[in-house]
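Worksheet for the structure shown next.
Protein chains: 2
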Amino acid sequence: MEITHEDFKKVETAINDVKEEGRQIRSIFDSYSDENFGIDWEVDAAVDAFSIFSSRWTIEILATLYIAGERRFNEMRKLLRGISSRTLSDKLTKCSESGLVDRVVEDGPPIRVIYRLTDHGRDAGRLLGPLVAYMKIHQDRVVRHSQ
Amino acid sequence: MEITHEDFKKVETAINDVKEEGRQIRSIFDSYSDENFGIDWEVDAAVDAFSIFSSRWTIEILATLYIAGERRFNEMRKLLRGISSRTLSDKLTKCSESGLVDRVVEDGPPIRVIYRLTDHGRDAGRLLGPLVAYMKIHQDRVVRHSQ
DNA sequence: GTATCTAGTGTATAAAATGCACCATAGTGT
DNA sequence: ACACTATGGTGCATTTTATACACTAGATAC
C-alpha cells in the first residue's frame, strides 16, 4: 500500500514516539530493579502478562476486531484466512473468557453472534497498533508514495 | 511491584500517549481503505506482519532479551522457566533467521554463545514495551505505592 | 576418575491446530 | 416436495508444535 509522504512521516513519527515511550517505561522499571524485583521477576511478569497472547491466532483475532470492528463468526473466518472453524471457535471462547472480546447473541431467526472488543481489548489493540505498523513498514507492505 | 505515585503516573501517561499514537496510526490507515486495500488486505497484512510472533515463546524471548540484555543459552533457559532446551534452541534459531536476534559465538574454551537483540529486535521490544506495561498494571503486578 | 560447565540434539509423548464432515434451524428457489 | 443457501458452531482423525527427559562432546576442577 502506498501512502503519501505526509502520512508516511506521521506514521513514522508516531512509531518513533512510541519507541521513546517504550524506552522511558523500560528505564522506570529498571530503576526498581533490586533483590526482590530483579530481572527474574520482570521476565516472569512479562511472560505472564503475555500468556494470553502467546498462542497462535489470539493476537490475530484481536487485530482483526480492532481493524475491522465487530464481526460475526463466519465473517471472521473469511477474514482470518487459514483458520479452521474449530480453532476460531476455541480461540474466541478463550478471548471472551479473558475479557478481551464480548460475545453478543442477537436472537433471530437466524440467530447471529457478534464478536466485538471490550474496552480492555480495544486498549490492547491500540497498544499493539504501532508495532503492527512498524512491521508493515519493515516488510515494505506500506511504502511512501513515489512521485 | 510497588512504584511511586510519580512513576506510576509517568507510566500511565506514556501508555495513554501510546494509545493515542495507535489511534492516529489506525485512522491514517483507515483513510486509505478502498477496493484494493480494504479490510481484507489490512487483516492479511497484520496477520502476516505478526506471523513471526504468533507462536509460543517468540515474544517471550524478545521480551527477555529486551529486559535482561544479552544472555547466554543456559541463562535464557533459567529466565524463561518452563521452556525446554529443545524448544529454546529451535526458537532462537527462528528468531535469528528472522533478524530479531544475533547469535554471537565467543570462542573459548569453553565456547560461549551470546544472544542479543538486533536493532530490529530492539525496536520491536520497545514497541512492545507499553503493551507489556499495560498488561502488568491491568493484572495488578505493578501497583501505585500506598503511603 | 568423577563431577561440572558449556550449548545444544534425539526421541517419545502430549498438546494444539487443521481439514473435513456434519448438525439443527430457517429461508429461498424451481 | 426437494434441493440449496446461510447461520454458528461440534466431532473426530490427522498433522504440526511443544514438552520431558535422556544424552552428547570438549574442557576444567577436585
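Chains as they are written, first to last, in the numbering used here: chain W, 94 to 240; chain V, 94 to 240. All residues carry an ideal CB built from backbone N, CA and C; glycine is no exception. Bear in mind that the values here come from a model prediction, so they are computed numbers and not experimental data.
Under the three-state reduction of DSSP, which class applies to residue i: helix, strand or coil?
i                      : result
residue 227 of chain W : helix
residue 207 of chain W : strand
residue 118 of chain V : helix
residue 96 of chain V  : strand
residue 198 of chain W : strand
residue 235 of chain V : coil
residue 149 of chain V : coil
residue 165 of chain V : strand
residue 130 of chain V : coil
residue 125 of chain V : coil
residue 174 of chain V : coil
residue 182 of chain V : helix
residue 192 of chain W : coil
residue 143 of chain V : coil
Give me the Cα-Cα distance between residue i and residue j, rounded to the nearest whole angstrom.
i                      : j                      : result
residue 122 of chain V : residue 220 of chain V : 18 Å
residue 171 of chain V : residue 125 of chain V : 46 Å
residue 235 of chain V : residue 138 of chain W : 9 Å
residue 162 of chain V : residue 209 of chain V : 7 Å
residue 239 of chain V : residue 94 of chain V  : 12 Å
residue 203 of chain V : residue 167 of chain V : 13 Å
residue 233 of chain W : residue 128 of chain W : 44 Å
residue 116 of chain V : residue 147 of chain W : 24 Å
residue 213 of chain W : residue 190 of chain V : 34 Å
residue 178 of chain V : residue 196 of chain V : 16 Å
residue 130 of chain V : residue 192 of chain V : 28 Å
Spatial neighbours of residue i within its chain, please: CB distance less than 7 Å, with the 5 preceding and 5 following residues excluded, ordered by chain position.
i                      : result
residue 180 of chain V : 150
residue 111 of chain V : 223
residue 211 of chain W : 192, 193, 194 and 195
Within 10 angstroms of the Cβ of residue i, are there 16 or more other Cβ atoms? Answer buried if so, exposed if not.
i                      : result
residue 206 of chain W : exposed
residue 198 of chain W : exposed
residue 136 of chain V : buried
residue 174 of chain V : exposed
residue 183 of chain W : exposed
residue 114 of chain V : buried
residue 153 of chain W : buried
Going by beta carbon distance, what residues of the same chain come within less than 8 Å of residue i, once the five residues before and after it are set aside?
i                      : result
residue 222 of chain W : 159
residue 226 of chain W : 104, 107, 108 and 235
residue 187 of chain V : 145 and 151
residue 157 of chain V : 164, 169, 172 and 173
residue 132 of chain V : 126
Leaving out five residues on either side along the sequence, give the residues of the same chain with a beta carbon under 6 Å from the beta carbon of residue i.
i                      : result
residue 101 of chain W : 237
### Message
Counting only Cβ-Cβ distances shorter than 7 Å, please list the residues of the stretch 112 to 126 of chain W near chain V, keeping chain order.
### Response
112, 114, 115, 116, 117, 118, 119, 121 and 125
### Task
Please list the residues of the stretch 217 to 230 of chain W that have a C-beta atom closer than 8 Å to any C-beta atom in chain V, keeping them in chain order.
Under the 8 Å Cβ criterion, the stretch 217 to 230 of chain W contributes 217, 218, 219, 220, 221, 222, 223, 224, 225, 226, 227, 228 and 229.
### Query
In the stretch 158 to 170 of chain V, which residues sit with their C-beta less than 7 Å from some C-beta in chain W, listed in chain order?
Of all residues in the stretch 158 to 170 of chain V, those with a C-beta nearer than 7 Å to a C-beta of chain W are 160 and 161, reading in chain order.
### Task
Return the residues of the stretch 202 to 213 of chain W that lie within a Cβ-Cβ distance of less than 8 Å from chain V, sorted by chain order.
Residues of the stretch 202 to 213 of chain W that bring their beta carbon within less than 8 Å of a beta carbon in chain V comprise 213, in sequence order.
### Task
Mind checking the stretch 173 to 184 of chain W against chain V and listing, in chain order, the residues whose C-beta falls within less than 9 Å of any C-beta there?
173, 174 and 175
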